[in-house]
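Per this note's numbering, the sequence shown starts with residue 101, numbered consecutively.
Ideal Cβ positions, reconstructed from N, Cα and C, are used throughout, including at glycine.
As the structure is a prediction and not an experimental result, all values here were calculated from the model.
Note sheet for the following structure.
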Amino acid sequence: MLPSLFISHGSPMLALQPGASGPALAGLARALPRPKAIVVVSAHWESRELLVMGNPQPQTWHDFHGFPPALYAVQYPAPGAPELARQVAERLGARLDTQRPFDHGAWVPLSLMYPEANIPVIQVSLPSQAGPALQLKVGQALSTLREEGILLLGSGSITHNLGELDWHAGPDAVEPWALAFRDWVVERLEAGDEQALLDYRRQAPNAVRNHPSDEHLLPLFFAMGAGARFGIVHQGFTLGALGMDIYRFD
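Rendered as structure tokens:
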């Protein structure tokens with residue numbers, strides 16, 4: 101059975117400058133059975149209602165500004181999976197979106213895991229105003245897809261305060277407030293403390309500082325709901341406070 105995954109996707113430049121995350125993602129993909137399809141919940145598809153990508157051939161959306169031209173040339177031409185999308189939408193009571201492209205929360209990590217772009221991919225939207233509890237339920241509702249060879253992937257960031265990043269920080273620089281938050285989340289995941297995690301904005305140290313808004317942490321709850329046994333694939337920080345952790349739930 102495939103695990104569910106939580107991937108911190110960092111800056112879009114990860115696609116061109118993968119750092120330590122690139123080998124970790126490539127090694128993870130090699131270690132897993134080849135998925136029949138991939139379902140992604142990305143921090144970059146916020147919505148009011150729950151939506152499922154039904155696009156048979158999604159475009160690669162460069163949903164960012166101010167990056168080098170080489171990044172805008174990157175394409176990830178994976179096919180969609182309309183029949184799987186219909187099944188997922190039915191399970192979730194969601195509506196299909198037949199025009200949705202791949203946002204960078206999906207295509208950046210997938211380009212490092214499955215660069216051939218030959219595995220069908222769909223995305224499920226993130227009604228971020230509904231908070232962590234909804235994402236936990238979405239993961240639980242789709243968890244049995246793992247038994248069918250479908251990889252469930254939440255793409256966000258374990259810490260995400262872009263206003264406090266140090267763009268000149270060295271690779272070993274980590275802000276104590278970011279480290280304390282990341283370590284609290286890991287401890288609660290290892291303990292299986294679902295209630296504390298759902299209440300992380302009140303209980304975790306520096307929660308609002310690490311996540312001024314919580315859309316980048318919500319995909320963790322999707323992955324957590326879809327799996328059970330927590331494991332760490334990779335840990336690290338970049339730019340002083342941007343967590344790059346990768347977790348799996350078996």
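_Tell me which residues share the same chain as Glu146 and place their Cβ nearer than 8 angstroms to its Cβ, disregarding the 5 neighbours each side in the sequence._
As a first step, residue 146 is located in the sequence shown; it is residue number 46 there, counting from the start. Counting only Cβ-Cβ distances below 8 angstroms, and skipping sequence neighbours, we find Ser225, Leu226, Pro227, Ser228, Glu315.
*Locate the beta strand (DSSP E) running through Met101, then write down its first and last residues.*
Translated into positions along the sequence shown, residue 101 becomes position 1. Element bounds for Met101: n/a, residue is neither H nor E.
*Which partner residues does Thr338 have in the DSSP bridge list?*
Here residue 338 refers to the residue found at position 238 of the sequence shown. Per DSSP, Leu342.
*Whole angstroms is fine: what's the gap from Gly249's alpha carbon to Gln175's?*
Numbered from its first residue, the sequence shown carries residue 249 at position 149. Numbered from its first residue, the sequence shown carries residue 175 at position 75. The alpha-carbon of Gly249 is positioned some 25 angstroms away from that of Gln175.
_I need the straight-line Cα distance from Gly270 to Pro182, nearest angstrom please._
In the sequence shown, residue 270 corresponds to position 170, counting from 1. In the sequence shown, residue 182 corresponds to position 82, counting from 1. Distance between the alpha carbons of Gly270 and Pro182: 44 angstroms.
*In the structure shown, what three-state DSSP assignment does Ala304 receive?*
As a working mapping, residue 304 is identified with position 204 in the sequence shown. It is coil, neither helix nor strand.
*Going by alpha carbons, who is nearest to Ile219 out of Arg134, His109, Asp299, Ile332?*
Locating residue 219 in the sequence shown gives position 119, where the first residue counts as 1. Proximity to Ile219 across Arg134, His109, Asp299, Ile332 peaks at Arg134, based on C-alpha coordinates.
_Less than 7 angstroms between C-beta atoms, sequence neighbours within five positions excluded: which residues of the same chain meet that for Arg200?_
As a first step, residue 200 is located in the sequence shown; it is residue number 100 there, counting from the start. Cβ neighbours of Arg200 beyond the five flanking positions: Met153, Asn155, Pro158, Gln223.
*Throw me the rounded Cβ distance for the Ile138 and Leu251 pair, which I believe falls under 8 angstroms.*
For the purposes of this step, residue 138 is taken as the residue at position 38 of the sequence shown. For the purposes of this step, residue 251 is taken as the residue at position 151 of the sequence shown. Contact holds; Cβ gap of about 5 angstroms.
_Endpoints, the alpha helix (DSSP H) within which Arg186 is located_ = As a first step, residue 186 must be located in the sequence shown, where it is residue number 86. DSSP places Arg186 in the uninterrupted alpha helix (DSSP H) bounded by 182-192.
*For Gly256, the three-state DSSP class (helix, strand or coil)*: As a first step, residue 256 must be located in the sequence shown, where it is residue number 156. Annotated three-state conformation of Gly256 is strand, per DSSP.
*In DSSP terms, what Phe349 is bridged to*: One-based indexing of the sequence shown puts residue 349 at position 249. Bridge partners of Phe349: Ser104, Phe330.
_Which residue marks the beginning of the alpha helix (DSSP H) containing Val140, and which one marks its end?_
Against the sequence shown, residue 140 aligns to sequence position 40. In the DSSP assignment, Val140 falls outside any alpha helix (DSSP H) and within the unbroken beta strand (DSSP E) covering 137-146.
*Residues in its own chain within less than 8 angstroms of Gln240 by CB, not counting five upstream and five downstream?*
Along the sequence shown, read from residue 1 onward, the residue named residue 240 stands at position 140. Gly325, Ala326.
*For Met153, which beta-bridge partners are listed by DSSP?*
Here residue 153 corresponds to residue number 53 of the sequence shown, with the count starting at 1. Beta bridge pairing from DSSP links Met153 with Asp197.
*Span of the alpha helix (DSSP H), counted from its first residue to its last, around Gln295*: Within the sequence shown, residue 295 is the residue found at index 195, counting from 1. 294-298 is the extent of the alpha helix (DSSP H) around Gln295.
_Integer Cβ distance of Pro232 from Leu298, believed to fall under 8 angstroms_ = The residue labelled residue 232 in the question sits at position 132 within the sequence shown. The residue labelled residue 298 in the question sits at position 198 within the sequence shown. With a Cβ gap of about 5 angstroms, Pro232 and Leu298 count as contacting.
*Counterpart residues of Leu171 in DSSP-defined beta bridges*: To locate residue 171, count along the sequence shown from 1; it is residue 71. For Leu171, which the question treats as bridged, DSSP gives no partner whatsoever.
_Where Leu116 falls: helix, strand or coil (DSSP)_ = Position 16 of the sequence shown holds residue 116. When DSSP states are grouped into helix, strand and coil, Leu116 belongs to the coil group.
*What are the start and end residues of the beta strand (DSSP E) that includes Val221?*
Your numbering for residue 221 matches position 121 in the sequence shown. From DSSP, the beta strand (DSSP E) with Val221 extends over 221-226.
_Pull the bridge partners of Val274 from the DSSP assignment, please._
Along the sequence shown, one-based indexing puts residue 274 at 174. Answer is Gly340, bridged to Val274.
_Cβ neighbours of Leu192 in the same chain (closer than 8 angstroms, five flanking residues each side left out)_ = Residue mapping note: residue 192 aligns to position 92 of the sequence shown, counting from 1. Excluding residues within five positions, the ones whose Cβ falls inside 8 angstroms are Leu150, Val152, Val224, Val238, Ala241, Leu242.
*What's the C-alpha gap between Glu275 and Ala194?*
Position 175 of the sequence shown, counted from the start, is the residue given in the question as residue 275. Position 94 of the sequence shown, counted from the start, is the residue given in the question as residue 194. C-alpha of Glu275 to C-alpha of Ala194: approximately 40 angstroms in a straight line.
_Nearest by alpha-carbon distance to Trp207: which of Gln235, Pro168, Ser255, Ala170 is it?_
Here residue 207 corresponds to residue number 107 of the sequence shown, with the count starting at 1. Among Gln235, Pro168, Ser255, Ala170, the Cα nearest to that of Trp207 belongs to Ser255.
*Just mark Leu105 as buried or exposed, buried being the case when its beta carbon has 16 or more other beta carbons within 10 Å.*
Taking the first residue of the sequence shown as 1, we reach residue 105 at position 5. With 16 or more other Cβ atoms within 10 Å, it is buried.
*Proximity winner among Gly166, Leu114, Gly331, Leu317, relative to Leu236 (alpha-carbon distances)*: Within the sequence shown, numbered from 1, the residue matching residue 236 stands at position 136. Minimum Cα distance to Leu236 is reached at Leu317.
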